[in-house]
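Going by my numbering, the letters in the sequence shown line up with residues 150 to 369, in that order.
Just so it is clear, CB atoms sit at the ideal spot from N, CA and C, and this is done for glycine as well.
Every value quoted in this text rests on a predicted model; they were computed, and no experiment measured them.
First up is the structure itself, then whatever we jot down about it.
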Amino acid sequence: MSEKHTQKLVIALTKGRILDEVLPLLEKAGVIPAEDITRSRKLIFDSNLPNVQLMVIRGSDVPTYVELGSADIGIAGKDMILEYGSRGFYEPLDLKIARCRMMTAAPVGSILNMPRLKVASKFVNIARDYFSGLGQQVDIIKLNGALELAPIMGLADCIVDIVDTGKTLSANGLEPRALITEISTRVIVNRASMKIKHTMVQDLLQRLQKAVESSQPNGS
Ligand code: PRP
């Protein structure tokens with residue numbers, strides 16, 4: 150019996166904003182959830198393809214499921230992948246959606262010339278790596294949200310966060326400073342699945358690649 154008839158492919162999707170942009174791409178690639186994912190409390194779904202299942206989890210958990218092999222394929226923001234920090238999976242495809250920037254930000258006009266900077270972030274590994282590359286000494290303060298408050302309340306000198314429109318920063322008296330990296334949504338693949346389920350994985354990657362290309366107006 151061929152690989153296709155014997156094996157399941159489990160795809161871990163990131164819930165929230167990314168999901169809204171990923172579902173149309175998956176549909177273009179021929180994968181349609183058997184029920185409305187966005188309205189259900191379920192966490193795992195069948196699809197129109199008998200051998201493909203979809204999980205919906207937090208973006209920060211997608212790399213864990215894929216590296217450890219409970220999901221074959223994951224769809225997650227580059228921010229989550231960088232913060233996870235492991236190279237224990239392949240990252241073959243950029244879906245070019247949910248694009249934003251990982252940046253430092255600080256109160257408007259503030260001068261950051263202290264020998265040791267207090268930096269608040271959800272992305273502590275990204276922040277540590279970035280400032281270490283600059284040779285800047287830092288104290289990293291881990292927060293789980295509303296990072297913009299940290300400089301206002303004197304908890305930190307600056308933050309490392311996702312910037313999309315920049316409205317959240319400006320609404321809180323902060324301004325973007327340095328670009329750390331561009332972020333977009335990526336496809337990651339478990340190393341063993343890439344070999345053992347090669348045909349299924351490559352087939353899906355090719356269909357997703359075509360879906361991405363057809364969604365880019367200028368081929369960017
Ligand atoms: C992100 C980020 C900023 C905001 C930036 O938060 O942490 O707060 O989006 O977007 P903007 O530049 O368009 O204003 P998100 O809404 O994802 O919620 P979170 O705090 O749970 O991360």
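Residues near residue i in its chain [Cβ-Cβ closer than 7 Å; skip 5 each side]
| i | result |
| --- | --- |
| GLU152 | The predicted model places GLU152 with a pLDDT of 49, which falls under 50 and marks its position as unreliable; any figure quoted below should be read in that light. Same-chain partners within the cutoff: LYS346, THR348 and MET349. |
| ALA388 | Lying outside 150 to 369, the shown extent of the chain, residue 388 is not represented and no answer is given. |
| ASP195 | ALA183 and GLN202 |
| ILE289 | VAL268, SER270, VAL273, ALA276 and ARG277 |
Beta-carbon contacts of residue i that lie in its chain and below 8 Å, excluding the five residues immediately before and after
| i | result |
| --- | --- |
| LEU354 | PRO241, LEU242, VAL336 and VAL338 |
| PHE238 | PRO212, VAL215, GLU216, GLY223, ILE337, VAL338, ASN339 and ARG340 |
| ALA255 | LEU261, PRO300, ASP306, CYS307, ILE308, LEU323, GLU324 and ARG326 |
| LEU192 | MET204, VAL205 and ILE206 |
| LEU298 | LEU304 and ASN321 |
Near ligand 1: residue i beta-carbon under 7 Å from a heavy atom
| i | result |
| --- | --- |
| GLY402 | The requested residue 402 does not occur in the structure, where the chain is confined to residues 150 to 369. |
| LEU318 | yes |
| ILE311 | yes |
| GLY315 | yes |
Cross-strand partners of residue i (DSSP beta bridge)
| i | result |
| --- | --- |
| PHE238 | ASN339 |
| GLU331 | ARG250 |
| THR163 | ILE206 |
| PRO182 | SER196 |
| SER270 | LYS291 and VAL309 |
| GLY258 | Its beta-bridge partners do not exist; DSSP assigns none. |
| LEU323 | PRO256 |
| ILE345 | Partner(s): none; ILE345 has no beta bridge. |
| ALA265 | First, the residue type needs correcting, since residue 265 is Arg and not Ala in the sequence shown. ARG265 pairs with GLN286. |
Contact check, residue i vs residue j, beta carbons under 8 Å
| i | j | result |
| --- | --- | --- |
| VAL171 | LEU162 | yes |
| GLU226 | TYR214 | Before going further, note that residue 226 is Gly rather than Glu in the sequence given. No, these two residues do not count as a Cβ contact at 8 Å. |
| LYS271 | LEU296 | yes |
| ALA178 | LEU357 | yes |
| MET251 | VAL287 | no |
| ILE167 | GLY208 | yes |
| SER235 | PRO199 | no |
| LEU304 | VAL312 | no |
| LYS245 | VAL205 | no |
Buried or exposed by the 16-neighbour rule on C-beta atoms within 10 Å, applied to residue i
| i | result |
| --- | --- |
| PRO366 | exposed |
| ALA269 | buried |
| ILE260 | exposed |
| PRO264 | exposed |
| ILE186 | buried |
| ILE332 | buried |
| PRO173 | exposed |
| MET302 | exposed |
| ASP228 | buried |
| ALA320 | exposed |
| VAL257 | exposed |
| THR314 | exposed |
| LEU266 | buried |
| ASP169 | exposed |
Own chain partners of residue i with C-beta closer than 6 Å, once the 5 adjacent residues on each side are dropped
| i | result |
| --- | --- |
| TYR279 | ILE329 |
| THR155 | none |
| THR253 | CYS307, VAL309, ARG326 and ALA327 |
| ILE160 | LEU203 and ILE222 |
| TYR233 | PRO212 |
| ALA360 | LEU174, LYS177 and ALA178 |
Any non-hydrogen atom of ligand 2 within 7 Å of residue i CB
| i | result |
| --- | --- |
| SER364 | Ligand 2 is not among the ligands present in this structure, which contains only ligand 1. |
Residue-level contact to chain C via CB, residue i, 8 Å cutoff
| i | result |
| --- | --- |
| LYS227 | No chain C appears in the structure shown, which is made up of a single protein chain. |
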